[in-house]
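In this text, residue positions in the sequence shown follow our numbering: the first is 4, and each later residue adds one.
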Amino acid sequence: MTINFTELANLGVQQLQPYQPGKPVSELERELGISGIVKLASNENPLPLPASVQESIQDEIAELARYPDANGYYLKSALAENLGVKPEQITLGNGSNDVLDMVARTFVSPEHEIIFSEHAFVVYPIVTRTIGATAVVTKAREWGHDLSAMAEAITDKTRLIFIANPNNPTGTALAYEELKAFMHKVPPSVLVVVDEAYYEYVAHEWSSMVEQLVNYPNLVVTRTFSKAYGLAGLRVGYSVSNPEIAGLLNRIRQPFNNNNLALATAQAVLKDSQFLQDALTVNREGMQTLTKKCDALGLTYIPSKGNFLTIDFKKNAQPVNDALLRSGVIVRPIANYGMPNHLRVSIGLEQENEKFMNQLPKALTHL
Ligand SMILES: *Cc1c(COP(=O)(O)O)cnc(C)c1O
């Protein structure tokens with residue numbers, strides 16, 4: 004007897020497509036049989052990890068036979084001190100995606116609605132469907148979140164709102180004052196997750212919503228070590244919330260969701276403020292070069308507050324993506340975000356950006 008296991012999966016899972024990651028360099032190398040491939044597809048920090056951070060990994064290797072500290076005591080303490088909050092407000096995740104999932108699974112049941120914007124981070128629809136809850140997707144405004152539309156979409160069934168600020172894949176951002184005004188309109192029983200994965204890139208302009216936790220117990224702010232802090236491969240993210248919410252998340256958290264290397268390395272990288280500054284400088288300079296190149300080529304892009312630039316090719320961008328791949332440059336198609344005419348390009352090192360810019364004119368001839 005053959006069993007159709009897809010029919011046995013819960014309804015939400017039946018409707019899901021797996022997350023599409025950026026194409027790995029090794030995969031394209033195998034396909035094309037070439038080397039020197041540049042990957043600008045996953046918004047990673049392009050700098051090599053500083054020696055001090057690499058040493059902390061070396062030191063931790065001897066400890067790998069042991070389970071990690073399930074409570075992440077030292078990392079939470081360091082984060083709490085940096086953020087001016089209490090350690091019991093912090094929940095560590097295996098990447099911030101893990102925390103986004105925990106918040107949804109803790110508070111949302113199939114009869115509830117989760118609000119997020121069109122063109123917002125793809126993990127929000129994934130976690131919503133997994134639970135079997137209803138996704139309420141508001142229209143974007145100039146590619147960004149329309150907070151008025153989001154406030155108007157709230158019903159008795161709304162349990163959670165996801166806001167990415169800055170947003171991926173559009174690079175749009177909402178000013179602190181706008182978010183504050185939004186929080187004022189949200190009923191206190193509706194949780195608002197402000198996903199600050201790219202906060203470090205706007206920190207010189209705006210306060211973090213962490214500052215508003217004292218005023219809004221229904222606010223959860225998430226952050227990650229995957230972007231400006233350069234540890235995408237280690238998977239460390241966290242949320243800051245009121246202690247009661249953190250306690251509830253802790254009930255469903257997998258006990259050892261951060262491994263020994265991840266905990267030790269995140270602590271080490273937090274101490275290296277120069278590394279963060281360098282990452283921000285490389286990003287600012289790369290962003291300038293890339294936007295200038297687009298201007299020169301007459302290409303439109305969405306002004307970005309993140310570490311990536313989303314370029315509008317005005318018609319289906321797949322041929323440009325394919326041509327770039329053939330020339331050894333991996334960028335990110337975002338048709339799955341409802342943006343088939345755009346490609347998202349992460350800001351890399353100078354020579355990586357250069358390779359992209361050199362290959363771009365030829366790729367454009369395939370449009
Ligand atoms: C990259 C990203 C994250 C971070 O994911 P991790 O699981 O921490 O690697 C979260 N939110 C957004 C909007 C992102 O782009």
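Positions of the beta carbon are idealized from the N, C-alpha and C atoms, including for glycine.
Expected contact under 8 Å - CB spacing of residue i and residue j to nearest Å
i: Leu237; j: Thr268; result: 6 Å
i: Val88; j: Leu216; result: 7 Å
i: Pro90; j: Glu355; result: Contact flag wrong, Cβ pair sits at about 38 Å.
i: Thr161; j: Gly15; result: Contact flag wrong, Cβ pair sits at about 18 Å.
i: Thr292; j: Ile305; result: Their Cβ separation, rounded to whole angstroms, is 17 Å, which puts Thr292 and Ile305 out of contact at 8 Å.
i: Leu302; j: Pro364; result: About 10 Å; that fails the 8 Å criterion.
i: Gly109; j: Leu251; result: One detail in the question is off: residue 109 reads as Thr in this sequence, not Gly. About 5 Å; that satisfies the 8 Å criterion.
i: Ala231; j: Leu279; result: 6 Å
i: Leu163; j: Val106; result: 7 Å
i: Asn433; j: Leu273; result: Because the chain in this structure spans residues 4 to 370, residue 433 falls outside the shown range and cannot be described.
i: Ala249; j: Ser55; result: About 30 Å; that fails the 8 Å criterion.
i: Val139; j: Ala123; result: At roughly 12 Å, the Cβ-Cβ gap does not stay under 8 Å, so Val139 and Ala123 are not in contact.
i: Gly331; j: Glu121; result: So it is not a contact: roughly 33 Å between Cβ atoms.
i: Asp275; j: Pro113; result: So it is not a contact: roughly 44 Å between Cβ atoms.
i: Asp101; j: Val130; result: No, Asp101 and Val130 are not in contact; Cβ-Cβ is about 10 Å, not under 8 Å.
i: Pro220; j: Pro191; result: 7 Å
i: Gly135; j: Asn253; result: Not a contact, Cβ separation roughly 24 Å.
Chain-order list of residues whose beta-carbon lies under 8 Å from that of residue i (same chain, five-residue window excluded)
i: Ser38; result: Glu32
i: Phe259; result: Tyr70, Pro71 and Ala73
i: Asn339; result: Gln20, Gln23 and Val125
i: Glu10; result: Gln17
i: Glu288; result: Glu353
i: Ala83; result: Lys89, Pro90, Gln92 and Ile93
i: His148; result: Ser120, Ala123, Thr141, Ile166, Ala167, Asn168, Asn170, Thr175 and Leu177
i: Leu182; result: Leu150, Ile166, Asn168, Val197, Met212 and Gln215
i: Met4; result: none
i: Ile255; result: Met105, Arg108 and Thr109
Sequence-distant residues of its chain with Cβ nearer than 6 Å to residue i (five each side left out)
i: Pro28; result: Note that residue 28 corresponds to Val in the displayed sequence, not to Pro. Ile40 and Lys42, listed in sequence order.
i: Met153; result: Ile118 and Thr141
i: Phe165; result: Phe119, Tyr127 and Val196
i: Ile60; result: Leu264 and Thr268
i: Glu47; result: Ala235
i: Pro208; result: Checking the displayed sequence, the identity of residue 208 turns out to be Glu instead of Pro. The answer is none, since no qualifying residue turns up.
i: Asn286; result: Asn310 and Ile350
i: Phe185; result: Leu150
i: Thr227; result: Ser99, Ala200 and Gly240
i: Thr137; result: Glu116
i: Pro343; result: Asn319
i: Ala44; result: Gly25, Ile333, Val334 and Arg335
i: Glu247; result: none
i: Asn245; result: Pro220
Other residues of its chain near residue i: CB distance less than 7 Å, five sequence neighbours each side excluded
i: Asn261; result: Pro71, Gly75, Leu95, Asn97 and Val239
i: Pro336; result: Ala320, Gln321, Asn324 and Leu346
i: Leu370; result: Phe316, Lys318, Pro322 and Val323
i: Val205; result: Pro169, Ala176 and Lys308
i: Ser80; result: Pro90
i: Ser211; result: Glu199, Tyr202 and Val224
i: Leu327; result: Val334, Gln362 and Ala366
i: Ala282; result: Asn48, Leu50, Ala231 and Gly233
i: Leu178; result: The sequence given here has Ala at residue 178, not Leu. Contacts found: Trp209.
i: Val111; result: Ile117, Ile134, Ala136, Arg162 and Leu163
i: Glu63; result: Asn263, Leu264 and Ala267
i: Thr173; result: His122, Trp146, Gly147, Ile305 and Thr313
i: Leu78; result: Leu95, Leu266, Ala269 and Gln270
i: Ala143; result: Ser120, Glu121, His122 and Asp149
Any chain C beta carbon closer than 8 Å to residue i
i: Leu182; result: As a matter of chain content, chain C is missing from the structure shown, which is built from one protein chain.
inquiry  = Under 5 Å, CB to any heavy atom of ligand 1. Which residues pass, going along the chain?
reply    = After applying the 5 Å Cβ criterion, the set is Gly98, Ser99, Asn100, Phe124, Ala167, Asn171, Asp198, Ala200, Thr227, Ser229 and Gly240.
ask   = Below 8 Å, can you find three or more Cβ-Cβ pairs linking the segment 284-300 to the segment 359-369?
value = Verdict: yes, contact present.
message = If we require 4 or more residues per run, which alpha helix (DSSP H) segments fall completely within the segment 187-257?
response = For the segment 187-257, whole alpha helix (DSSP H) runs of length 4 or above, ordered along the chain, are 246-255.
query = Quick check: the segment 196-208 against the segment 165-172, are there 3 or more CB pairs under 8 Å?
reply = Yes, they touch.
Inside the segment 138-182 only - beta strand (DSSP E) runs reaching at least 3 residues = Complete beta strand (DSSP E) runs here, min 3: 161-167.
ask   = Which runs of the alpha helix (DSSP H) spanning at least 4 residues fall entirely within the segment 37-113, listed in chain order?
value = Along the length of the segment 37-113, whole alpha helix (DSSP H) runs at least 4 residues long occupy 54-64, 76-86 and 99-110, reported in chain order.
inquiry  = Extract the residue ranges of the beta strand (DSSP E) inside the segment 252-321, only unbroken runs of 3 or more that lie entirely within it.
reply    = As far as the segment 252-321 is concerned, its whole beta strand (DSSP E) runs of at least 3 residues are 303-305 and 311-315.
ask   = Which runs of the beta strand (DSSP E) spanning at least 3 residues fall entirely within the segment 338-362, listed in chain order?
value = Here the runs fully enclosed are 342-349.
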